[in-house]
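These notes are about the structure you will find just below.
In full-length UniProt numbering, the protein residues as written are 1 to 175.
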């Protein structure tokens, strides 16, 4: 979580947070990570986030990272619940600083474990767009067809094929 003055809500910020998440998971002994996101192309479903996850899989020595994009309008993620719970908590509270927003988010859930909030600053964010531009091919598949990120449903990075991203455009197990 970060104040608007520290960062935007774009692919670099999302990718950096996912990198941090994979780092935490790897330190806990997790070797395979599966994550789900909404279909927001500007934040989640793009080559920069895919590059960041491939980087994370390699850097943290994970076996696989699978990132699936949920069908628009038909799903609800845990993030939706976090946002709704935090909004309800903040309705009757005057918030004057980012620190107060962090506290509201941490204490919003009362029936389970509190939410874990990582406070981010502008210095934490990584320029994955710049890093991805160094990769030779991130726009076409093995057959030379242009990758249409608006049709991508899943991206997988695997240790047994480290230089490739495996992309699915259908949910039913088809490539």
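The beta-carbon is built from N, C-alpha and C at its ideal position, and this holds for glycine as well.
Selection 8, 24 and 70 evaluated against residue 151 yields 70 as nearest (Cα-Cα). The DSSP-derived three-state label of residue 146 is strand. In the displayed model, residue 100 falls within a helix according to three-state DSSP. Rounded to whole angstroms, the Cβ separation of residue 159 and residue 64 is 7 Å, and the two are in contact under 8 Å. Around residue 60, the same chain offers 22, 23 and 26 as residues with beta carbons nearer than 7 Å, after the five sequence neighbours per side are excluded. In the DSSP assignment, residue 24 falls within the alpha helix (DSSP H) that extends over 11-27.
Taking the Cβ atoms as the reference, residue 11 lies roughly 5 Å from residue 46, within the contact range of under 8 Å. Distance check between residue 18 and each of 84, 113, 29 and 128 places 128 closest, using alpha-carbon atoms only. A check of alpha carbon separations from residue 51 across 172, 148, 168 and 135 identifies 135 as the nearest.
Under the three-state reduction of DSSP, residue 155 is assigned to strand. Between residue 154 and residue 66, the beta carbon gap of about 7 Å places them in contact (Cβ cut-off 8 Å). Distance between residue 62 and residue 92, taken at the CA atoms: about 43 Å. Residue 58: member of the alpha helix (DSSP H) spanning 47-59, first to last residue. Of the residues assessed, residue 95 falls on the exposed side of the cut-off, its CB having fewer than 16 other CB atoms within 10 angstroms. Between residue 3 and residue 98, the C-beta spacing is below 8 Å. Between residue 105 and residue 48, the CB-CB gap reaches or exceeds 8 Å. Around residue 125, the same chain offers 7, 12, 13 and 16 as residues with beta carbons nearer than 7 Å, after the five sequence neighbours per side are excluded.
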